[in-house]
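Novice: For the sequence shown, position 164 (counting from the first letter as 1) is numbered 311 according to this note's numbering, and the numbering increases by one without interruption.
The C-beta atom is built at its ideal place from N, Cα and C for all residues, glycine as well.
A quick note: this is a predicted structure, and the numbers were derived from the prediction, not measured.
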Amino acid sequence: MSWYSFQQLSLAKSSLNNRKIKMDELSTDLILAWERVEADIAEDRVFFTHPYEQKLLKIDDQSLTNWLKTIDKKFTDNMYSPKAMVICEVPKLGSTLRPGGILALEDHLFFTFLVSKLFPRIHQHLHTPQQLFDYSYQLEDDPSQPRWLKSYFKSYRGYLDDSLKKLDNPEVKFVVFTDITAYYENIEHAVLFSDLNRFNGDEKTIANLRACLRMWSHVYISGRGVPQGFSASDILAKLYLNPVDLALHSYGIQHLRWVDDFRIFCSSESEARLAIVKLTQLLRKRGLNLQSGKTEILNKEDAANKIKGVDPIIKNVKEDYISQIMDQIGIDGISYLPLAEELLTESTEDTPLEVIIQAYENYFGKVPTDHRDFNKTLFRFLLKRLGKQKHDHAAMQCIKYASIYPSETETIFTYLKDIEMLIDHRIQDLLARFLRSQKAIYDYQIYQIFRFLNNLELNEQNTMHIDIIQIARQITFDNNRPGYLRTVTRQFLSQYGNELDVDRIHEQYAHITTPLEQFEIIMGVRRMEKARRNAFFSTVEKQSFLHTYAVKFIKENRN
148 MSWYSFQQLS LAKSSLNNRK IKMDELSTDL ILAWERVEAD IAEDRVFFTH PYEQKLLKID
208 DQSLTNWLKT IDKKFTDNMY SPKAMVICEV PKLGSTLRPG GILALEDHLF FTFLVSKLFP
268 RIHQHLHTPQ QLFDYSYQLE DDPSQPRWLK SYFKSYRGYL DDSLKKLDNP EVKFVVFTDI
328 TAYYENIEHA VLFSDLNRFN GDEKTIANLR ACLRMWSHVY ISGRGVPQGF SASDILAKLY
388 LNPVDLALHS YGIQHLRWVD DFRIFCSSES EARLAIVKLT QLLRKRGLNL QSGKTEILNK
448 EDAANKIKGV DPIIKNVKED YISQIMDQIG IDGISYLPLA EELLTESTED TPLEVIIQAY
508 ENYFGKVPTD HRDFNKTLFR FLLKRLGKQK HDHAAMQCIK YASIYPSETE TIFTYLKDIE
568 MLIDHRIQDL LARFLRSQKA IYDYQIYQIF RFLNNLELNE QNTMHIDIIQ IARQITFDNN
628 RPGYLRTVTR QFLSQYGNEL DVDRIHEQYA HITTPLEQFE IIMGVRRMEK ARRNAFFSTV
688 EKQSFLHTYA VKFIKENRN
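(1) DSSP on residue 319, reduced to helix/strand/coil?
(2) What are the residues that DSSP puts in a beta bridge with residue 597?
(3) Under the three-state reduction of DSSP, which class applies to residue 342: helix, strand or coil?
(4) Between residue 569 and the rest of its own chain, which residues show a CB-CB distance below 8 Å, the 5 nearest in sequence each way excluded?
(5) Rounded to whole angstroms, what is the Cα-Cα separation between residue 411 and residue 580?
(6) Measuring straight from C-alpha to C-alpha, what distance separates residue 362 and residue 582?
(7) Rounded C-beta distance between residue 638 and residue 671? I'm assuming under 8 Å.
(8) Which residues does DSSP pair with residue 446 in a beta bridge?
(9) Considering just the uninterrupted stretch of the beta strand (DSSP E) at residue 267, what are its terminal residues?
(10) Is residue 285 buried or exposed, if buried means 16 or more other CB atoms sit within 10 Å of its CB?
(11) On the DSSP bridge assignment, give the partners of residue 246 in chain order.
(12) Can you tell me which of 234, 238, 187 and 185 puts its alpha carbon nearest to the alpha carbon of residue 556?
(13) Alpha carbon to alpha carbon, how far is residue 400 from residue 422?
(14) State buried or exposed for residue 355, treating a residue as buried only when at least 16 other CB atoms are found within 10 Å of its CB.
(15) Buried or exposed for residue 264, please, with buried defined as at least 16 other CB atoms from any protein chain shown within 10 angstroms of its CB.
(16) Run through DSSP, which three-state label would residue 646 get?
(17) Quick one: what's got a C-beta closer than 8 Å to residue 605's C-beta in the same chain, skipping five residues either side?
(18) What is the residue span of the alpha helix (DSSP H) that residue 665 lies within?
(19) Using the three-state DSSP reduction, which class does residue 567 fall into: helix, strand or coil?
(20) Rounding to the nearest angstrom, what Cα-Cα distance links residue 319 and residue 428 in this structure?
(21) Looking only at its own chain, which residues have a Cβ that is under 7 Å from the Cβ of residue 689, when we skip the five neighbours before and after it?
(22) Along the beta strand (DSSP E) that carries residue 411, what are the first and last residues, could you check?
(23) Please confirm if the segment 622-631 is in contact with the segment 176-192, defined as three or more CB-CB distances below 8 Å between the two stretches.
(24) By DSSP, does residue 360 sit in helix, in strand, or in coil?
(25) DSSP state of residue 460, grouped into three classes?
(26) Under 8 Å between the Cβ atoms of residue 528 and residue 457?
(27) By Cβ distance, which residues of its chain are closer than 7 Å to residue 273, with the 5 residues on each side in sequence left out?
(28) When you compare the CB positions of residue 500 and residue 510, do they come within less than 8 Å of one another, or not?
(29) Our contact map puts residue 340 next to residue 416 with C-beta atoms below 8 Å; I'd like the distance itself, whole angstroms only.
(30) Which residue comes first and which comes last in the beta strand (DSSP E) that contains residue 405?
(31) Between 461, 176, 330 and 431, which has its C-alpha nearest residue 267's C-alpha?
(32) Among 613, 567, 549 and 504, which has the Cα closest to the Cα of residue 589?
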C-alpha cells in the first residue's frame, strides 16, 4: 500500500480499460510496468491506500501520458534514484508483526519496471517447475501480457486439492507442516542476485534493482529483505525458493509449497524427521530458518482435517444441529434421514444460517485468550457468512475480538460494514472505549479502523461518537504518529470535526512542504467559511497541477 506524492495521488488506481494512454509516446517496458502497478493497487495487494485517490480518478489521459513520459525518460536514461521505504507494522496472530512496505508510487513503478525486464528469463526458468511443487503466485503462460500472475483463488484451490490427492496414496502415512521464519525479510541479496546473474540478465537492470533493495534493506537487516506487499517481490521470492524445491525433489522427497509454507508427504515418522533435517539444511544455505513453533508431523487423518480447514468443523456442527432438532421434535432417525443427508452433503458455502450461528457459539461464543485456541480460518469464514446473511449475531462481541486479535481487524470491520452496524452508537461506544484503552497500541490497526469509518455515509439521524472524534483530533495533530495514520484521521476530522478543527488543519499548511500533505490540507478545509476558503484557494491553486486539480474538484463538488 503505497505512500503517494503529487503524481501518486493523481494517478493511482486509474484503469487502463477506461483510459487512452498514448502508447506510441511511451516504451513498451514502461507501459507493461504501469499496468502491473495498477493491478497491485486495484487488487488491494498494497498495504496503504490513500483516502482521497477515489476523488482523483478524473485526471485526464494526457496528464497521465505526460507524467509517464517524464518517468520513462528517467528510467531509460538511468537517472532515477529510489527513495526510502516506510514500514507499517502490521499485526499478525500471536502478537507478532509483519513489516508492510510503503513505497512512493514512482519507486513502486521503478521496482516493477526492473523486475518486468527480468521477468521473461525468470518465467522461462520457473514456468515448468511451479506446476510440480510451487502453487503460490502461479505465473501466467505468456510473460509479455500485463497480468503476470494467475488467479490467487484458483491457485490456492489447486494447492488444497492436490494436497488431498497426495493423501490418497496408501504409502503416505504422515505429513510435515512447516514454514519459514520471516521469509521476505531474510532473503539475502547476494544469493538472490547470484540467481539472477545466472540468467545472463541485463546488467544495468540488475544493478538498478540491487540499488533499490540496498536502499530499502536498512529497515530489515543490511543486505537482506524485499518489500512486502508488491507483486514484483512475490516474483523474486518465488525465484529464491526454487532451488530448494528442486533439491527436495532430487532427494525423492514429495512436497508442495505455498509461498513459505511447506507440506511434505512421508511414509513413516522417521522419514518425516529426515525430511525436516534436509529442508533445514537447504534453507540454511539461503540464509533462512524454519519456524520451530509451526513445525509439526501429523498422521494422515489429522493432516487431512488440517488441510480441509473449516469443512470437518462445519460438518460436525451440522451433525449436532440435526441431532438437536430430532431430539426437540421427536423425529426418528430413519424418517429424518433424507433431509439430514441433504444438509450434510451440501456445500460448506451453502450452510444454513442456523448452523453458522451454532458454529460461532460453539467456537467463539467465549473469546479464546490463547491464540493457539483461535482458529482464524473458521472465524473469517463464519463472519463472512454472517455478513452475507446481514445477521448481527456476532456484532456486539466483535470489538472485543479486535482488541485481542488485531490481525482480524479487516475481517471484523468488513463484517460490521456488511451488516450496517458501524453507524450504531452501541458499536461506536465500544469502539471508542477500545481506542482509548491500552490495547489500542498498533498504529496500523487504528489506520484500518479509521479507513472504514471514513467510508461511512451518515445522515442527520446518524452522528459520529464524540469520543472517536476526539481521538482522531489527538492523532491528527500529533506529529509523532506515522504519516499514513494521520492521513486518514485528518480526513475523518475534516468530515466530523468542528470549525476549530478545520482552522487548525488550515494552519498546518504553512508548515508543510510536501505537495502530498498540502493537497490533503486543501481537501480538508472544504467546510471552512466560504470567503476565507476562497481566499485561501486563490493563493494556492496555481502552485502545481495537484493544487489546481484539488481546488477545481472542491468547487465542482460543493457537497
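Specialist: Quick look at the numbers:
(1) Reading the sequence shown from its first residue, position 172 is the one you call residue 319. In this structure, DSSP gives residue 319 a state outside helix and strand, which the three-state scheme calls coil.
(2) Counted from its first residue, the sequence shown places residue 597 at position 450. Answer is none; residue 597 lacks a bridge partner.
(3) The sequence position of residue 342 within the sequence shown is 195, counting from 1. Note: residue 342 maps to helix in three-state DSSP.
(4) Translated into positions along the sequence shown, residue 569 becomes position 422. Around residue 569: 560, 563, 575, 599, 600 and 603.
(5) Taking the first residue of the sequence shown as 1, we reach residue 411 at position 264. Taking the first residue of the sequence shown as 1, we reach residue 580 at position 433. Their backbone Cα atoms lie some 46 Å apart in a straight line.
(6) Against the sequence shown, residue 362 aligns to sequence position 215. Against the sequence shown, residue 582 aligns to sequence position 435. If I take the Cα positions, the gap works out to 35 Å.
(7) Looking up residue 638 in the sequence shown gives position 491. Looking up residue 671 in the sequence shown gives position 524. With a Cβ gap of about 7 Å, residue 638 and residue 671 count as contacting.
(8) Locating residue 446 in the sequence shown gives position 299, where the first residue counts as 1. According to DSSP, which records beta bridges pairwise, residue 446 is partnered with 321.
(9) To locate residue 267, count along the sequence shown from 1; it is residue 120. Here residue 267 belongs to no beta strand (DSSP E); instead the alpha helix (DSSP H) covers 252-273.
(10) As a first step, residue 285 is located in the sequence shown; it is residue number 138 there, counting from the start. With 16 or more other Cβ atoms within 10 Å, it is buried.
(11) Locating residue 246 in the sequence shown gives position 99, where the first residue counts as 1. By DSSP's assignment, residue 246 forms a beta bridge with 236.
(12) Within the sequence shown, numbered from 1, the residue matching residue 556 stands at position 409. In terms of CA proximity to residue 556, 238 leads the group 234, 238, 187 and 185.
(13) Taking the first residue of the sequence shown as 1, we reach residue 400 at position 253. Taking the first residue of the sequence shown as 1, we reach residue 422 at position 275. Rounded to whole angstroms, the separation of the alpha carbons of residue 422 and residue 400 is 7 Å.
(14) Against the sequence shown, residue 355 aligns to sequence position 208. Residue 355 comes out buried.
(15) Position 117 of the sequence shown holds residue 264. Under this definition residue 264 is a buried residue.
(16) To locate residue 646, count along the sequence shown from 1; it is residue 499. Residue 646 carries a helical assignment under DSSP once its states are collapsed to helix, strand and coil.
(17) In the sequence shown, the residue the question calls residue 605 occupies position 458. So the list reads 570 and 611, once near-sequence residues are dropped.
(18) Looking up residue 665 in the sequence shown gives position 518. 662-671 is the span of the alpha helix (DSSP H), which, as asked, contains residue 665.
(19) Stepping through the sequence shown from its first residue, residue 567 is reached at position 420. Coil at residue 567, not helix or strand.
(20) The residue you call residue 319 lines up with position 172 of the sequence shown. The residue you call residue 428 lines up with position 281 of the sequence shown. About 23 Å.
(21) Counted from its first residue, the sequence shown places residue 689 at position 542. If we look at residue 689 and ignore the five residues flanking it on each side, its Cβ neighbours are 695.
(22) Along the sequence shown, one-based indexing puts residue 411 at 264. Counting along the chain, the beta strand (DSSP E) containing residue 411 begins and ends at 408-413.
(23) Flag = no, the segment 622-631 and the segment 176-192 do not touch.
(24) Numbered from its first residue, the sequence shown carries residue 360 at position 213. Residue state for residue 360 is assigned as helix, using DSSP reduced to three classes.
(25) Here residue 460 refers to the residue found at position 313 of the sequence shown. In this structure, residue 460 counts as helix in the three-state DSSP scheme.
(26) Sequence index remark: in the sequence shown, residue 528 carries index 381 (1-based). Sequence index remark: in the sequence shown, residue 457 carries index 310 (1-based). Remark: C-beta atoms of residue 528 and residue 457 approach each other more closely than 8 Å.
(27) As a working mapping, residue 273 is identified with position 126 in the sequence shown. The beta carbon of residue 273 sits closer than 7 Å to the beta carbons of 286, 385, 386 and 389 from its chain, once the five residues preceding and following it are set aside; these are given in chain order.
(28) On the sequence shown, position 353 is the one that residue 500 refers to. On the sequence shown, position 363 is the one that residue 510 refers to. At least 8 Å separates the beta-carbon of residue 500 from that of residue 510.
(29) Within the sequence shown, residue 340 is the residue found at index 193, counting from 1. Within the sequence shown, residue 416 is the residue found at index 269, counting from 1. Between residue 416 and residue 340 the Cβ distance is about 39 Å, and since that is not below 8 Å, they are no contact.
(30) Translated into positions along the sequence shown, residue 405 becomes position 258. Under the DSSP assignment, residue 405 falls in the beta strand (DSSP E) whose first and last residues are 401-405.
(31) Taking the first residue of the sequence shown as 1, we reach residue 267 at position 120. Out of 461, 176, 330 and 431, 176 has the C-alpha closest to the C-alpha of residue 267.
(32) Mapped onto the sequence shown, residue 589 falls at position 442. For the options 613, 567, 549 and 504, the alpha carbon positioned closest to that of residue 589 is the one of 549.
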